[in-house]
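Numbering (my numbering), first residue to last: 1344 to 1614.
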């Protein structure tokens, strides 16, 4: 790694093992190198959260690198992640690849009031738990990200979190694509959600997301599943080619469904 006097750190190609990056003041960390920089600059940890943003980090930036959490015991109980964004933090994560082999915690945790990161062109894949966890009044802007092949939901939103998620590609998950529950909110726009093992989008327990102009298709059970007092606004989406119903509403739920195209479901459109 190489730094300068302006708070910029350049990280050259290589694998940096058991590096713990704890950021509590504004800093810029950039991977550098030839083509495909993100895959050639690898920061990994086997014991602690790989990168932690805490209060004081301001609008720090991390870009163009791979961030891994590879615990020696993937089943050990802990609260450790690839990336952790805490309260009153507004970092930018740009053109990074993220992977965690922990079966206990998510790859990315964004939790707490004032947690408001910006993620652009980030890939979160092949994780053994949830990909992206947003909770406890957290916000954040997530644009043009790819989230796929994770063991649990690609995205969890709960406890009054309200992220903005635009143009993200959420696919081939081994569970549900997006799961909003326990009063989770969020605004999802122009996302492509497909080929997830359960529903593309699940809403329950007072969750109330807004989902606009998304494509939700080829779910191995269904498209959108709203149950257990789930709510939500689903507007102008294309919901098609799902194994079961395109839209399934049960258990005292009360969503708003308007101007959606629901077609080519293998077992019905709306249930």
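We treat Cβ as the ideally placed atom computed from N, Cα and C, and that holds for glycine. Just so you know, these numbers come straight off a predicted model, no measurement behind them.
By the DSSP assignment, the alpha helix (DSSP H) with residue i in it spans what residues?
{"i": "residue 1380", "result": "1380 to 1383"}
Can you check which of these residues, the options, is closest to residue i by C-alpha distance?
{"i": "residue 1384", "options": "1505, 1439, 1514 and 1422", "result": "1439"}
{"i": "residue 1437", "options": "1489, 1580, 1531 and 1359", "result": "1489"}
{"i": "residue 1451", "options": "1495, 1579 and 1416", "result": "1495"}
{"i": "residue 1596", "options": "1412, 1391, 1573 and 1368", "result": "1573"}
{"i": "residue 1519", "options": "1498, 1487 and 1502", "result": "1498"}
{"i": "residue 1471", "options": "1585, 1449, 1404 and 1511", "result": "1449"}
{"i": "residue 1578", "options": "1410, 1592, 1556 and 1464", "result": "1556"}
{"i": "residue 1481", "options": "1503, 1401, 1462 and 1370", "result": "1503"}
{"i": "residue 1416", "options": "1443, 1529, 1399 and 1564", "result": "1443"}
{"i": "residue 1602", "options": "1610, 1571 and 1554", "result": "1554"}
Would you say residue i reaches chain D, if we count a Cβ-Cβ gap shorter than 8 angstroms as a contact?
{"i": "residue 1447", "result": "Given the protein chain composition of this structure (a single chain), no chain D is represented."}
Does DSSP put residue i in a helix, in a strand, or in coil?
{"i": "residue 1452", "result": "strand"}
{"i": "residue 1596", "result": "coil"}
{"i": "residue 1537", "result": "strand"}
{"i": "residue 1572", "result": "coil"}
{"i": "residue 1368", "result": "coil"}
{"i": "residue 1351", "result": "strand"}
{"i": "residue 1346", "result": "Since pLDDT at residue 1346 reaches only 49, below the 50 mark, its modelled position is unreliable, and the value read off the structure follows with that caveat. Note: residue 1346 maps to strand in three-state DSSP."}
{"i": "residue 1566", "result": "coil"}
{"i": "residue 1301", "result": "Residue numbering for the chain in the displayed model covers 1344 to 1614; residue 1301 lies beyond these limits and cannot be assessed."}
{"i": "residue 1387", "result": "strand"}
{"i": "residue 1611", "result": "coil"}
If you follow the beta strand (DSSP E) that residue i is part of, which residue opens it and which one closes it?
{"i": "residue 1376", "result": "It is not in any beta strand (DSSP E) - residue 1376 carries neither H nor E in the DSSP assignment."}
{"i": "residue 1501", "result": "1498 to 1501"}
{"i": "residue 1546", "result": "1544 to 1547"}
{"i": "residue 1412", "result": "1404 to 1412"}
{"i": "residue 1435", "result": "1435 to 1443"}
{"i": "residue 1653", "result": "Within the shown structure, residues of the chain are numbered from 1344 to 1614, placing residue 1653 beyond reach of any answer."}
{"i": "residue 1478", "result": "1475 to 1478"}
Could I get the ranges of all uninterrupted alpha helix (DSSP H) runs contained in the stretch 1505 to 1530, with 4 residues as the minimum, in chain order? none
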